[in-house]
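Going by this note's numbering, the sequence shown opens with residue 286, and the numbers climb by one from there.
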Amino acid sequence: DNLKREGVLFGISVTYTRDNIDTVTDEKFIEYFVNKGAIFGWYFMFMPVGKDPILDLVPTPEQRVYAGDKVAELREKYPIFLGDFWNDGPAAGGCLAGGRQYLHILNSGNVEPCVFAHFSKDNIKGKTFLEVANSPFFKAIRGKFPYNNNANLRRPCMIIDNPEVLRDVVKEYDVDPGHTHSESIVHDPEVVKWVNNYAEEFKNLVDPRWEREINDPNNRWYKEGAEYKRLFRFHEDNKDKTKTTVEAGGNDSSGIPEDKVMV
């Protein structure tokens, strides 16, 4: 109310779980915040990261699809921009992490590929931004994009949809966990098994839908096929090239130019 009274633009951030998904996707929930003056809202799925993650709170694959469809419905009906961080992967062009369009800097200066992927190899206090963004660790993540064989942007995440991506790069570059117990997502046998099963179930659920969408003449992805392919062209065109940074002496920082990196 105070923000609305003072004319400040504001929005909401929603974490949906297996237990609250019906509540936070209900029209009355959005109507309440629209009436309060919110102009945008981000929906984030509960993720199985950190110490002793509560796996039973992660939305089921079916619930996740439901949430994406409901968010799309609600943003069409109400005067508020709503985005789903995972289900709107196609609109964002897939995973943004690892310096592709985004990275996460902690107050300690440690730099993580994503706010949900708590692994850090470099610190911004000892290196330039471009050096960190073009580290072997981050370049390896970008090099694996779009993470799956059919480039399904409906399962964009390297943590929960394509978990082998995060595990492989963390292992290859011997990356330290950014927080205590954050390594469980790649090392804890119980969590790893659960994530593998989740990823397979979600794949089986959304791959057929993705194939229908990109092959349907009435669908956006069919109509904008050239743009869809352009999403991946930058990496393909530049993976074997190098770029000299502004640093004296010129370091090899191939993989991403200055205007392609965004915190």
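We put the CB at the ideal spot given by N, CA and C, even for glycine.
Close Cβ partners of S420 (< 7 Å) along its chain, the five nearest in sequence each way excluded = Translated into the one-based positions of the sequence shown, residue 420 becomes position 135. Cβ within range, chain order: K406, D407.
Which first and last residues belong to the alpha helix (DSSP H) in which T300 is found?
-> The count along the sequence shown starts at 1 and reaches residue 300 at position 15. Not the alpha helix (DSSP H): T300 falls in the beta strand (DSSP E), residues 296-301.
Keeping to the same chain, check which residues put their C-beta closer than 6 Å to that of E521; ignore five residues upstream and five downstream.
-> Locating residue 521 in the sequence shown gives position 236, where the first residue counts as 1. Residue placement at E521 is flagged as unreliable, the pLDDT there being 48, under the threshold of 50; the coordinate-derived value follows with that caveat. Once the five neighbours on either side are set aside, E521 has no close Cβ partner at all.
Ranges of the alpha helix (DSSP H) found wholly within the segment 317-405, counting only runs of at least 4 = 346-362, 374-377
Could you say which of N489, I365, D461 lies nearest to G322 if we only look at CA atoms?
-> One-based indexing of the sequence shown puts residue 322 at position 37. Selected option, being the one with the closest Cα: I365.
Which one of G379, C380, V417 has the shortest CA to CA distance from G394?
-> Position 109 of the sequence shown holds residue 394. Checking every option, the nearest Cα to that of G394 belongs to V417.
How many Å lie between R439 and R349 at the Cα?
-> Start at 1 with the first residue of the sequence shown, and residue 439 comes out as number 154. Start at 1 with the first residue of the sequence shown, and residue 349 comes out as number 64. Taking the straight line from one Cα to the other gives about 11 Å.
Out of K508, G292, P344, E457, which has the shortest C-alpha to C-alpha gap to D304?
-> Looking up residue 304 in the sequence shown gives position 19. Out of K508, G292, P344, E457, P344 has the C-alpha closest to the C-alpha of D304.
With burial defined as no fewer than 16 other Cβ atoms inside 10 Å of the residue's Cβ, what is the status of E397: buried or exposed?
-> Position 112 of the sequence shown, counted from the start, is the residue given in the question as residue 397. So E397 ends up on the buried side.
C-alpha distance - G296 paired with V450, whole-angstrom precision | Here residue 296 corresponds to residue number 11 of the sequence shown, with the count starting at 1. Here residue 450 corresponds to residue number 165 of the sequence shown, with the count starting at 1. Near 32 Å, if we compare the C-alpha coordinates of V450 and G296.
Among F414, G379, G384, nearest to P431 - alpha-carbon criterion = Counting from one through the sequence shown, the residue named residue 431 turns up at place 146. Among F414, G379, G384, the Cα nearest to that of P431 belongs to G379.
So which of R360, N320, V299 has the shortest CA-CA distance to R290?
-> Numbered from 1 along the sequence shown, position 5 holds the residue referred to as residue 290. Looking at the Cα atoms, N320 is the closest of the given residues.
Between F314 and I306, what straight-line distance do the alpha-carbon atoms span, to the nearest angstrom?
-> The residue you call residue 314 lines up with position 29 of the sequence shown. The residue you call residue 306 lines up with position 21 of the sequence shown. Cα to Cα, F314 sits roughly 11 Å from I306.
Between the segment 362-377 and the segment 326-336, do three or more beta carbon pairs fall short of 8 Å?
-> Proximity of the segment 362-377 to the segment 326-336 meets the contact definition, three or more beta-carbon pairs being nearer than 8 Å.
What whole-angstrom Cβ distance do I409 and I444 have, given they're in contact under 8 Å?
-> By 1-based counting over the sequence shown, the position of residue 409 is 124. By 1-based counting over the sequence shown, the position of residue 444 is 159. Wrong, their Cβ atoms sit about 22 Å apart, outside the cutoff.
Residue burial classification, T310 (beta-carbon count within 10 angstroms, cutoff 16) | On the sequence shown, position 25 is the one that residue 310 refers to. With 16 or more Cβ atoms within 10 Å of its Cβ, T310 is classed as buried.
P502 - partner residues in DSSP beta bridges = As a position in the sequence shown, residue 502 is number 217, starting the count at 1. Paired residues: none, contrary to the question.
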